[in-house]
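In what follows, a structure is listed as structure tokens, so that the remarks can point back to it.
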Amino acid sequence: MEKLATRGRPREFCPDEALASALQVFWTKGYEGASLSDLTDAMGITRPSLYAAFGNKEALFRQALDLYQRDKTAYIGEAMREPTARAVAEYMLHGAVDTATGGECRGCMGVIATVACQSVEPSIRDDVNQRAEAAKALIVERMQQAIDAGEFVVPTKAETITRYLLALMQGISVQAQSGATREELMEISEAALAAWPSK
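Going by this note's numbering, 169 is the number at position 173 of the sequence shown; the sequence numbering is gapless.
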């Protein structure tokens, strides 16, 4: 618990809890849609406290993305340890369903942030894009290992199969935002796995 000075009395708040609340706002509204009032109301702090603890709105957004990657998308790195490409795909698709339906906010913040950041300053766009590219590079490397091991029943490129998998995951996110249930999303996931082109 941390005390930061506000007008009048010092105010106590937990920075980790405040950041988690900010994450929910960004998840729901995106970067541009989240006003400072939205953020301070959700975090339970004043603007001076926000600036003192987290910096400006851009810095807060980056820290929220860090938290999102640690808490919500760790499954991507975990999936890379699965023994086959199909097992990787299964782990990731099920992880996408869990992330899209596991809390108050539906969908994937990565998708929401990417769409929401199209019209904001380049530094934010670049950060979001770099994070997405880093995740994609992990999957491309793992898919190339599977290709080299002869797992795929038809010729394919690691980049292509990675884009296919990411498109499936983004589709799950969009369907979740549209109100699809967990059961429906799992059915989509299983249908995709039935058509997965590796052993």
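Glycine included, every Cβ here is placed at the ideal spot set by N, Cα and C. All of these numbers come straight from a predicted model, not from anything done at the bench.
Candidates the options, of which the one nearest residue i by Cα
i: residue 59; options: 20, 89, 82 and 85; result: 20
i: residue 134; options: 150, 62 and 78; result: 78
i: residue 98; options: 150, 159 and 181; result: 181
i: residue 30; options: 50, 45, 10 and 56; result: 56
i: residue 95; options: 178, 9, 131 and 40; result: 178
i: residue 54; options: 148, 188 and 32; result: 32
i: residue 91; options: 17, 76, 71 and 151; result: 71
i: residue 156; options: 193, 9, 170 and 146; result: 193
i: residue 22; options: 35, 159, 12 and 11; result: 35
i: residue 158; options: 129, 169 and 170; result: 129
i: residue 191; options: 170, 148 and 37; result: 148
i: residue 63; options: 11, 142, 137 and 160; result: 11
Helix, strand or coil at residue i according to DSSP, with G and I counted as helix
i: residue 45; result: helix
i: residue 185; result: helix
i: residue 194; result: strand
i: residue 176; result: coil
Assigned exposure category for residue i - 16 Cβ within 10 Å defines buried
i: residue 185; result: buried
i: residue 93; result: buried
i: residue 195; result: exposed
i: residue 207; result: Residue coverage of the chain in this structure runs from -3 to 195, which leaves residue 207 outside it and unanswerable.
i: residue 68; result: buried
i: residue 200; result: A question about residue 200 goes unanswered here, because the residues of the chain that appear run from -3 up to 195.
i: residue 154; result: buried
i: residue 80; result: exposed
i: residue 127; result: buried
i: residue 199; result: Look at the range of the chain in this structure, -3 to 195, and you will see that residue 199 is not part of it.
i: residue 187; result: exposed
i: residue 145; result: exposed
Rounded Cβ spacing between residue i and residue j (contact assumed at less than 8 Å)
i: residue 120; j: residue 27; result: 6 Å
i: residue 85; j: residue 189; result: 6 Å
i: residue 88; j: residue 165; result: 6 Å
i: residue 17; j: residue 49; result: Residue 17 to residue 49, Cβ: 12 Å. No contact.
i: residue 41; j: residue 14; result: 6 Å
4-residue-minimum alpha helix (DSSP H) runs that sit fully inside the stretch 44 to 104, ordered along the chain: You should have 53 to 67, 70 to 75 and 81 to 97.
Inside the stretch 143 to 170 only - beta strand (DSSP E) runs reaching at least 3 residues: The DSSP assignment places no complete beta strand (DSSP E) segment of no fewer than 3 residues inside the stretch 143 to 170.
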